[in-house]
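Following: one structure in structure tokens, then a few remarks.
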Amino acid sequence: MKLVRDVMIRDTINVSPFASLREALSLMKRHEVKSLVVEKQNEHDAYGLITYTNILKAVIAEDGDIDLLNVYDACAKPVISVGEHLGIRYAASLMSQHRVKRLLVLQDNDLVGFVVMDDIMAALLDTIE
Numbered sequence: 001m002k003l004v005r006d007v008m009i010r011d012t013i014n015v016s017p018f019a020s021l022r023e024a025l026s027l028m029k030r031h032e033v034k035s036l037v038v039e040k041q042n043e044h045d046a047y048g049l050i051t052y053t054n055i056l057k058a059v060i061a062e063d064g065d066i067d068l069l070n071v072y073d074a075c076a077k078p079v080i081s082v083g084e085h086l087g088i089r090y091a092a093s094l095m096s097q098h099r100v101k102r103l104l105v106l107q108d109n110d111l112v113g114f115v116v117m118d119d120i121m122a123a124l125l126d127t128i129e
């Protein structure tokens, strides 16, 4: 059985919770990604995630200002996280149950990567001839 560590992305793009939504979108555009990991502020804090959907909701649906709103105003925090030794079928089950497309991968509350539903699907498709 494939594990989360087999499909996870180790190189994350992180953003400060105090960055503006414009800065977050700029990072997403520059790195061609649809989400950023929101940094924790101390060792006991939780990581967060900000996605296109979070930003659209804050700016378009709620008529927010892209320059006045900070990442912490729009991000999901805390987010669902898993360990890298979890089977991908269980990660997929968590994603399905909670209707999310991304999970953070943590080890002792430290970020080691994240896993995306598309990568799990690609691993599944690799097993089909």
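Taking UniProt numbering, the leading residue of the sequence shown gets 1, the next gets one more, and so forth.
Glycine is no exception: its CB is placed at the ideal position from the N, C-alpha and C atoms.
Please read all numbers here as calculations on a predicted model, not as lab measurements.
Under 8 Å between C-beta atoms of residue i and residue j
{"i": "residue 54", "j": "residue 76", "result": "yes"}
{"i": "residue 34", "j": "residue 47", "result": "no"}
{"i": "residue 111", "j": "residue 37", "result": "yes"}
{"i": "residue 114", "j": "residue 100", "result": "no"}
{"i": "residue 102", "j": "residue 49", "result": "yes"}
{"i": "residue 13", "j": "residue 25", "result": "no"}
{"i": "residue 123", "j": "residue 2", "result": "yes"}
Range covered by the beta strand (DSSP E) that runs through residue i
{"i": "residue 102", "result": "102-107"}
{"i": "residue 79", "result": "No beta strand (DSSP E) contains residue 79, which DSSP labels as neither H nor E."}
Whole-angstrom C-beta distance between residue j and residue i, which should lie under 8 Å
{"i": "residue 19", "j": "residue 71", "result": "5 Å"}
{"i": "residue 17", "j": "residue 39", "result": "7 Å"}
{"i": "residue 151", "j": "residue 22", "result": "Here the chain has residues from 1 to 129 only, and residue 151 is not among them."}
beta-carbon residue i near the ligand MN non-hydrogen atom, thresh 7 Å
{"i": "residue 36", "result": "Among the ligands in the structure shown, none appear at all, so the ligand MN cannot be discussed."}
Where residue i falls: helix, strand or coil (DSSP)
{"i": "residue 25", "result": "helix"}
**Study point:** Cβ contact check for the region 101-121 and the region 1-15: 3 or more pairs under 8 Å
**Key:** yes
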